[in-house]
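Quick note, the sequences are listed as chains W and C, same order.
Residue numbers for the first sequence follow the working numbering, beginning at 1179 and rising by one.
Residue numbers for the second sequence follow the working numbering, beginning at 42 and rising by one.
What follows is a short report on a single structure.
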Amino acid sequence: MEQSKELKVSAIKDGTVIDHIPANNLFRVISILGLDKIDNHLTFGNNLDSKKLGHKAIIKISDKFFEDTEINKIALVAPQAKLNIIKDYKVIEKKVVNVPTEIIGIAKCVNPKCITNNENVTTKFKVLDGNDVTLKCLYCEKITDKDNLVIIK
Amino acid sequence: MKNRSLVSIEDYTKDEILQILDRAAEFEKKPIQTILNGYVIASLFFEPSTRTRLSFESAVNKLGGRIIGFSDSGSSSVKKGESLNDTILTVANYSDLIVMRHPIEGAAKLASEVSPVPVVNAGDGANQHPTQTLLDMYSILKTQGTLENLNIFLVGDLKYGRTVHSLLMAMSHFNTTFNFISPEELKMPDEYKLYLDNLGLKYYEHTDFTKYIAEADIVYMTRVQRERFSDPMEYEKVKNVYVLRNSMLENTKSNMKVLHPLPRVNEIHQDVDTNEKAYYFQQALNGVYTRQAIIATILGL
Ligand SMILES: [Zn+2]
């Protein structure tokens, strides 16, 4: 069953497959990982059926392998994402996304009167609740939650 | 605490708070000293706040220090578009400590990150104003003889009032019982009530002054501002409910004191001023000793 779904997006020889991305966050994931700015061969499928997520998206990137710190950045928009590391058409390793305790950059602070929205400062948040996306700004101390989440880039 | 910036009241532990208050008591006994001789304190007020600025400047002057800076960003390079980063790095070259007031929230935190000299936050927008909290605590300690096990009434705008939020956080170290008196629209936010719940501290909510005021050790008044109400009719309905009058103090405890961060508009009737329980003007004077204590402690003097 899982196999046939994956076939909807063509197989890659070496690289990374990111699965279980919520369909509506596909382009956010692409943007956070900077996949729109690299030359690697990239395929993605969107609105695939998923028992877990309703609609999910999947990304396959050839010849690209992520550091954990890099991949954890997508935790805000795809906390259930799963990574398959592919070598020679075979899955050699599986990884899950871990929600970091601190988020640097990536998200905008919801508070228009926050210094990060008024000067050229990288945002910094403490993650109060990773599953439900609750971020406390380390500058203005206001809470940015899922409904107010705006990804920078 | 030496060389450490003071951005938020939560930067200080209970012991560190007590250390500042001890030191403030010393300065109250001997407010004129020469320990800041040769020191230059920068006073950067990106928005005007005459009261706070004068209190800091008085504190520094009485200790023999010099002040440089500006009282309004209109007359400074900030108006020409200089970034906060650049202003701080420049001013840090000329001073040993920076006192900063800024309308933008988180500005003090940013300044403390880029500044090679310590920064004291004199208010960043609606966020933090830790020296106000410390002077409030000094006033409470001085009038009650202790900070432990007191019953504190917070009155007025408890939703947006940063002074009441910081005071609540800081007093939560001392087994305080809180009573909140506010209109429905300006109630204490849930996050602070949850914070007290987690500490097992008691609090009670009221929408007007109650007979329980007889149990108060401290009544801390704040202003209820018209612009906080989405419905102007709501404001008209409640505006006179949160005004303290002398007659209301009749059955209160003998040690009870009325505090207010000032400036007051009409939330404390003038007939309270002559009551010995009115403490808000002495409270402002305590601000000078407290700020002397903060600056001296951070400079390691
Ligand atoms: Zn912020």
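For every residue, glycine included, the Cβ atom is placed at its ideal position computed from N, Cα and C.
Since this is a predicted model, take the numbers as computed values, not measurements.
| query | result |
| --- | --- |
| Exposed unless 16 or more other CB atoms sit within 10 angstroms - verdict on glycine 147 of chain C | buried |
| Neighbour flag for threonine 1286 of chain W against chain C, beta carbons, 9 Å | Reading off the sequence, residue 1286 of chain W comes out as lysine, not threonine. Not an interface residue. |
| Contact with chain C by lysine 1324 of chain W, beta-carbon distance below 9 Å | no |
| Assigned exposure category for glycine 122 of chain C - 16 Cβ within 10 Å defines buried | exposed |
| Residue ranges of each alpha helix (DSSP H) within the segment 1231 to 1274 of chain W, 4 or longer | 1246 to 1249 |
| Ligand 1 heavy atom lying under 8 Å from the CB of isoleucine 1329 of chain W | no |
| CB contact check: glutamate 1319 of chain W to chain C, cutoff 9 Å | yes |
| heavy atom of ligand 1 below 8 Å from threonine 1312 of chain W C-beta | no |
| Closer than 8 Å: glycine 1283 of chain W CB and nearest ligand 1 heavy atom | no |
| Histidine 247 of chain C (DSSP reduced to helix, strand or coil) | strand |
| Short CB-CB distance (under 9 Å) between threonine 1279 of chain W and chain C | no |
| Per DSSP, the bridge partner or partners of arginine 142 of chain C | C/Phe86 |
| Rounded C-alpha distance that separates aspartate 343 of chain C from leucine 227 of chain C | Here chain C comprises residues numbered 42 to 342, so residue 343 of chain C is not present and cannot be evaluated. |
| First and last residue of the uninterrupted beta strand (DSSP E) at isoleucine 1321 of chain W | 1321 to 1323 |
| Start-to-end residues for the beta strand (DSSP E) that takes in histidine 214 of chain C | Neither: histidine 214 of chain C is in no beta strand (DSSP E) and is coded neither H nor E. |
| Interface residues of chain C facing threonine 1294 of chain W [CB-CB closer than 7 Å] | Gly147 |
| The segment 1234 to 1243 of chain W in contact with the segment 1191 to 1210 of chain W per 3-pair CB rule at 8 Å | yes |
| Three-way DSSP call (helix, strand, coil) for threonine 204 of chain C in this model | helix |
| Cβ-based burial, glycine 79 of chain C [other Cβ within 10 Å; buried from 16] | exposed |
| Below-9 Å beta-carbon distance, asparagine 168 of chain C vs any chain W residue | yes |
| Sufficient close CB pairs (3 or more, under 8 Å) joining the segment 1293 to 1311 of chain W to the segment 122 to 137 of chain C | yes |
| Classification of valine 1269 of chain W by the beta-carbon crowding that lies within 10 angstroms, buried from 16 upward | exposed |
| Heavy atom of ligand 2 within 8 Å of glycine 106 of chain C beta-carbon | With respect to ligand 2, the structure offers nothing, as its ligand set consists of ligand 1. |
| Boundaries (first-last residue) of the beta strand (DSSP E) holding aspartate 1227 of chain W | 1220 to 1228 |
| Cβ pair proline 302 of chain C, glutamine 173 of chain C closer than 9 Å | yes |
| Closer than 8 Å: lysine 1273 of chain W CB and nearest ligand 1 heavy atom | no |
| Burial state of aspartate 249 of chain C, where buried means 16 or more other Cβ atoms lie within 10 Å | exposed |
| Contact set between leucine 1316 of chain W and chain C, taken where Cβ atoms lie within less than 9 Å | Gly147, Lys150 |
| Methionine 42 of chain C vs isoleucine 73 of chain C beta-carbon contact at 9 Å | no |
| DSSP bridge partner residues for leucine 195 of chain C (one or two, in chain order) | C/Phe221, C/Tyr261 |
| Contacts around leucine 138 of chain C, its chain only, beta-carbon distance under 8 Å, and the 5 residues preceding and following it disregarded | Tyr80, Ile82, Ala83, Val158, Pro159, Val160, Val161, Ile336, Ile339, Leu340 |
| DSSP-derived helix/strand/coil call for leucine 107 of chain C | Residue identity check: residue 107 of chain C is arginine in the sequence provided, not leucine. Reduced to three states, the DSSP call for arginine 107 of chain C is strand. |
| Neighbour list for leucine 125 of chain C in chain W, Cβ cutoff strictly below 8 Å | Ile1293, Glu1297 |
| 4-residue-minimum alpha helix (DSSP H) runs that sit fully inside the segment 267 to 326 of chain C, ordered along the chain | 273 to 279 |
| Through-space distance from aspartate 52 of chain C to isoleucine 109 of chain C, alpha-carbon basis | 26 Å |
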